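J.:
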Amino acid sequence: MTESVVHIDGLALNGFTLDEGRRAAEAFEARLSELLNRYGLPEGVAAEDIGAIDLGSLPAEGKTPEGIGQALAAALFGRLWT
1434 MTESVVHIDG LALNGFTLDE GRRAAEAFEA RLSELLNRYG LPEGVAAEDI GAIDLGSLPA
1494 EGKTPEGIGQ ALAAALFGRL WT
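Under the working numbering, residues 1434 to 1515 are what the sequence shown spells out, in order.
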């Protein structure tokens, strides 16, 4: 499997303190990296395509910043495979 580098320009998290936002973003990055390393990208999808995915407004499924970051990463990864 070829390793890809993914650049995400922004992740807007409303209602978080600076520290909570940082923790959520770190959890998002860690979970997305884990999923991509484990499963890779679907055939025909390039790393550059990820930046074009708009998750819109998603309900917060986690109760902590880390849980929310992980849930957002899982949602983004799920969109890649649909």
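Note that the Cβ used here is the ideal one computed from N, Cα and C, for glycine as well. All values reported here derive from a predicted model rather than from experimental measurement.
Select from Gly-1502, Thr-1515, Asp-1452 the residue whose C-alpha is nearest the C-alpha of Arg-1464.
T.: Nearest C-alpha to Arg-1464: Gly-1502.
J.: My output table needs one value for Gly-1454: the three-state DSSP class, helix, strand or coil.
T.: Looking at Gly-1454 - three-state DSSP - the assignment turns out to be helix.
J.: DSSP three-state call for Ala-1485: helix, strand or coil?
T.: Coil, per DSSP.
J.: Would you decide whether Ala-1505 is buried or exposed? Buried here means 16 or more other CB atoms lie within 10 Å of its CB.
T.: Strictly speaking, residue 1505 in this sequence is Leu, with Ala absent from that position. Leu-1505 is buried by the Cβ-count criterion.
J.: Restricting to Cα atoms, I'd like to know which of Pro-1498, Thr-1497, Glu-1499, Glu-1462 is closest to Leu-1509.
T.: Here the closest residue by C-alpha is Glu-1462.
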